[in-house]
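For any residue, its number in this note's numbering is found by taking its place in the sequence shown, counting from 1, and adding 120.
Here a beta-carbon is modelled for each residue, glycine too, at the ideal position from N, C-alpha and C.
Remarks on the structure that follows.
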Amino acid sequence: MAGVTGSPESQPPLLVVKNLTTCYGMPANPNNEAEAGGGVSGGMEVDGDGLSSSKRVKGNETNNSDGVRASGERSNGIKAVDNVSFTLHAGEIMSIVGESGSGKTALCRSIMRLFPTAQVQLTGKVILNGKDLLSMDNSQLRQVWGLEMSIVFQDPMTSLNPVMRIGNQVSEGMRKRQGMSKKHSRELAISLLRSVGIPDAEARYRQYPIQLSGGLRQRVAIAIAISCNPSLLILDEPTTGLDATIQAHIIDLIANLVTKRSMAAIFVTHDIGIAASISSSMAVMYAGSIVEYGATEDVIRHPTMRYTSALLNTAPKLDAIPHTRLKTIPGQPPNLAALGNGCPFEPRCDAPIDRCSYERPQLTDCDTQPATHLCACWNPRMPANVPENIEESSQ
Ligand SMILES: Nc1ncnc2c1ncn2[C@@H]1O[C@H](COP(=O)(O)OP(=O)(O)OP(=O)(O)O)[C@@H](O)[C@H]1O
Ligand code: SF4
Ligand SMILES: [Mg+2]
């Protein structure tokens, strides 16, 4: 699955995710906890690596060498991420959209291998800059966190350390991971704070998170995430809860950073308008799987999987008659612990066929679309049924 946004095929992808599956659940043998170790992030103590300090997780120190269980021992759990594959090139922003509980955060955490519990099983491949992250041990992972990939979480008030000055949180990674002097890292941190649009950066450097507004805190979180120049930036709903003006600033900021620093970014959002404005490729998630994937414009103009078109139809329209009710998708997202063999969207679908009830469709070329536009549907929509004005709606 490559080149959805026209990236030159000669340029190898920065990130390859292949058949990634994340299973949350109790071990088949609960007495085996110590052997299971810290799951994917056991023993992880992110320290000055561009991940914010309060996100540090001290896992079980008795974890095994690679921290990842690949056996079938925990197959009785739920698959929060189910057989996900995609590629990402430098300079590309991929958006991930989907309803609450569809597995967006689980996918981000799986790519980062950020799990605090002993009850997570990861299989598949995550290759970043040619390195297989799932086969790394914890010390190797620490060389990747912050330096090669970073994550920004939705709520900066919980991701920033409330008792540590802003400046120290931004410069910590440069000092501890890149060996920079205190003076040099301070200068760079202040210039980083300026570059993410924080006014009066010198004064802010000495302040605590509580002294900043939500928008400024989110900018600080972004500054921390990019402080060690990672090639991959993952943003898990970085603008949710911010007002429209701040959202627009943060989106511009991210787009500029990706271009200037030749990074790649994964941008998780509930807002199709924001996804349309920032991303060149889009993945739609449902029940832990990507059900549609392609160039953002293709996906939005020609949604093919029935869930995607239903989701796009829920986006507010600028030309809608005032006070009309917003459309919703009937029914509820499925219980991941009780999925059948068929398409998980079948109970809510407006055009299921027999096969949908007993066989889960896999992501594959949609007959009517470019070969880079993939969908998982037995009865895909034809191109004529295009939701209108999605690209103009942003809230
Ligand atoms: N630690 C956990 N243990 C067991 N199940 C979990 C755990 N964390 C998440 N889940 C389940 O995994 C599924 C995916 O959750 P996830 O947080 O990735 O959804 P999401 O798409 O990010 O939702 P939202 O839009 O609300 O953030 C959900 O069914 C959730 O209940
Ligand atoms: S596979 Fe079937 S049930 Fe699922 S979205 Fe497509 S038509 Fe609907
Ligand atoms: Mg989430």
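(1) By a C-beta neighbour count over all protein chains shown, 10 Å radius and 16 as the cutoff for buried, is residue 199 buried or exposed?
(2) Within a Cβ cutoff of 8 Å, which residues of the same chain sit near residue 139, ignoring the five residues on either side of it in sequence?
(3) Tell me the rounded alpha-carbon separation between residue 253 and residue 347.
(4) Taking just the CA atoms, how far does residue 412 sit from residue 483?
(5) Which runs of the beta strand (DSSP E) at least 3 residues long sit entirely within the stretch 363-440? Give them in chain order.
(6) I'd like the list of long-range same chain contacts for residue 359, defined as Cβ closer than 6 Å, with 5 residues on each side in sequence excluded.
(7) Can you find at least 3 beta carbon pairs, one from the stretch 326-336 and one from the stretch 371-383, that sit closer than 8 Å?
(8) Closest to residue 396 by CA distance: which of 388, 420 and 405 is it?
(9) Where are the alpha helix (DSSP H) runs, 4 residues long or more, that stay fully inside the stretch 210-253, in chain order?
(10) Assuming residue 362 contacts residue 335 under a Cβ cut-off of 8 Å, what Cβ separation, rounded to an integer in Å, is found between them?
(11) Decide if the stretch 462-473 is in contact with the stretch 209-216; the criterion is three or more beta carbon pairs, one per stretch, under 8 Å apart.
(12) Since residue 268 and residue 249 are thought to touch, with beta carbons under 8 Å apart, how far apart are those beta carbons, to the nearest angstrom?
(13) Compare the Cα-Cα distances from residue 238 to each of 485, 142 and 457 and report the closest residue.
(14) Once you ignore the five residues that flank residue 461 on each side, which residues in its own chain have a CB closer than 7 Å to its CB?
(15) Between residue 131 and the rest of its own chain, which residues show a CB-CB distance below 8 Å, the 5 nearest in sequence each way excluded?
(16) Below 8 Å, is the gap between the Cβ of residue 357 and the nearest heavy atom of ligand 3?
(17) Since I believe residue 207 is in contact with residue 133 (beta carbons under 8 Å), could you give me their beta-carbon distance rounded to a whole number of angstroms?
(18) Using the rule of at least 16 other Cβ atoms within 10 Å of the residue's Cβ for burial, across every protein chain shown, is residue 233 buried or exposed?
(19) Among all the DSSP beta bridges, which residues are the ones paired with residue 270?
(20) If you reduce the DSSP assignment to three classes, tell me which class residue 133 lands in.
(21) Given this structure, state the Cα-to-Cα distance separating residue 431 from residue 286, to the nearest angstrom.
(22) By Cβ distance below 7 Å, which residues in the same chain neighbour residue 399 in space, the five residues on each side in sequence not counted?
(23) Any heavy atom of ligand 3 closer than 8 Å to the CB of residue 389?
(24) Tell me whether residue 318 sits in a helix, a strand or coil according to DSSP, three-state version.
(25) In angstroms with no decimal places, state the Cα-to-Cα distance between residue 262 and residue 293.
(26) Less than 8 Å between the CB of residue 402 and some heavy atom of ligand 1, yes or no?
(27) By a C-beta neighbour count over all protein chains shown, 10 Å radius and 16 as the cutoff for buried, is residue 464 buried or exposed?
(28) With a threshold of 8 Å on Cβ separation, who are the neighbours of residue 282 within its own chain once the five nearest residues in sequence on each side are excluded?
Short version:
(1) Residue numbering aside, residue 199 sits at position 79 when the sequence shown is read from its first letter. Here residue 199 is buried: its Cβ has 16 or more other Cβ atoms, across all protein chains shown, within 10 Å.
(2) The residue given as residue 139 occupies position 19 in the sequence shown. Within the same chain, 203, 204, 205, 243, 244 and 245 come within 8 Å of residue 139 by CB-CB distance, once the 5 residues on both sides are set aside.
(3) For the purposes of this step, residue 253 is identified with residue 133 of the sequence shown, where counting begins at 1. For the purposes of this step, residue 347 is identified with residue 227 of the sequence shown, where counting begins at 1. The C-alpha of residue 253 lies about 21 Å from the C-alpha of residue 347.
(4) The residue given as residue 483 occupies position 363 in the sequence shown. The residue given as residue 412 occupies position 292 in the sequence shown. Going by C-alpha positions, residue 483 is about 7 Å away from residue 412.
(5) Within the stretch 363-440, the complete beta strand (DSSP E) runs of at least 3 residues are 384-388, 401-406 and 409-415.
(6) Locating residue 359 in the sequence shown gives position 239, counting from the first residue. Non-local beta-carbon contacts of residue 359 in its own chain, meaning distances under 6 Å to residues more than five positions away in sequence, involve 367 and 370 in chain order.
(7) As far as the Cβ criterion goes, the stretch 326-336 does not touch the stretch 371-383, which means the pair count is below three.
(8) As a working mapping, residue 396 is identified with position 276 in the sequence shown. Comparing Cα positions, the closest option is 420.
(9) With a minimum length of 4 residues, the continuous alpha helix (DSSP H) runs that stay inside the stretch 210-253 are 224-232.
(10) Reading the sequence shown from its first residue, position 242 is the one you call residue 362. Reading the sequence shown from its first residue, position 215 is the one you call residue 335. That belief holds up - the Cβ atoms of residue 362 and residue 335 are roughly 6 Å apart, short of 8 Å.
(11) Flag = no, the stretch 462-473 and the stretch 209-216 do not touch.
(12) As a working note, residue 268 is residue 148 in the sequence shown. As a working note, residue 249 is residue 129 in the sequence shown. About 6 Å separates the two Cβ atoms, so the contact holds.
(13) Locating residue 238 in the sequence shown gives position 118, where the first residue counts as 1. Measuring from the Cα of residue 238, the nearest candidate turns out to be 142.
(14) Here residue 461 is taken as the residue at index 341 of the sequence shown, counted from 1. Excluding residues within five positions, the ones whose Cβ falls inside 7 Å are 478, 479 and 480.
(15) Mapped onto the sequence shown, residue 131 falls at position 11. So the qualifying residues of the chain are 209 and 210.
(16) Looking up residue 357 in the sequence shown gives position 237. At least one heavy atom of ligand 3 is nearer than 8 Å to the Cβ of residue 357, so yes.
(17) Stepping through the sequence shown from its first residue, residue 133 is reached at position 13. Stepping through the sequence shown from its first residue, residue 207 is reached at position 87. The C-beta distance from residue 133 to residue 207 rounds to 4 Å, short enough to meet the 8 Å contact threshold.
(18) Residue 233 sits at position 113 when you count from the first residue of the sequence shown. Buried, by the Cβ-count rule.
(19) The residue given as residue 270 occupies position 150 in the sequence shown. Residue 270 is bridged by DSSP to 353.
(20) If you number the sequence shown from 1, residue 133 lands on position 13. In the displayed model, residue 133 falls within coil according to three-state DSSP, outside both helix and strand.
(21) Numbered from 1 along the sequence shown, position 311 holds the residue referred to as residue 431. Numbered from 1 along the sequence shown, position 166 holds the residue referred to as residue 286. So the alpha carbons of these two residues sit roughly 39 Å apart.
(22) One-based indexing of the sequence shown puts residue 399 at position 279. Taken in chain order, the residues that qualify are 213, 214, 215, 387 and 416.
(23) As a first step, residue 389 must be located in the sequence shown, where it is residue number 269. Checking every heavy atom of ligand 3 against the Cβ of residue 389, none is found closer than 8 Å.
(24) For the purposes of this step, residue 318 is taken as the residue at position 198 of the sequence shown. Coil, per DSSP.
(25) Along the sequence shown, read from residue 1 onward, the residue named residue 262 stands at position 142. Along the sequence shown, read from residue 1 onward, the residue named residue 293 stands at position 173. Approximately 11 Å between the Cα atoms of the pair.
(26) Numbered from 1 along the sequence shown, position 282 holds the residue referred to as residue 402. No, the beta carbon of residue 402 sits no closer than 8 Å to any heavy atom of ligand 1.
(27) In the sequence shown, counting from the first residue as 1, residue 464 sits at position 344. Burial call: buried.
(28) Looking up residue 282 in the sequence shown gives position 162. The residues are 174, 328, 329 and 330.
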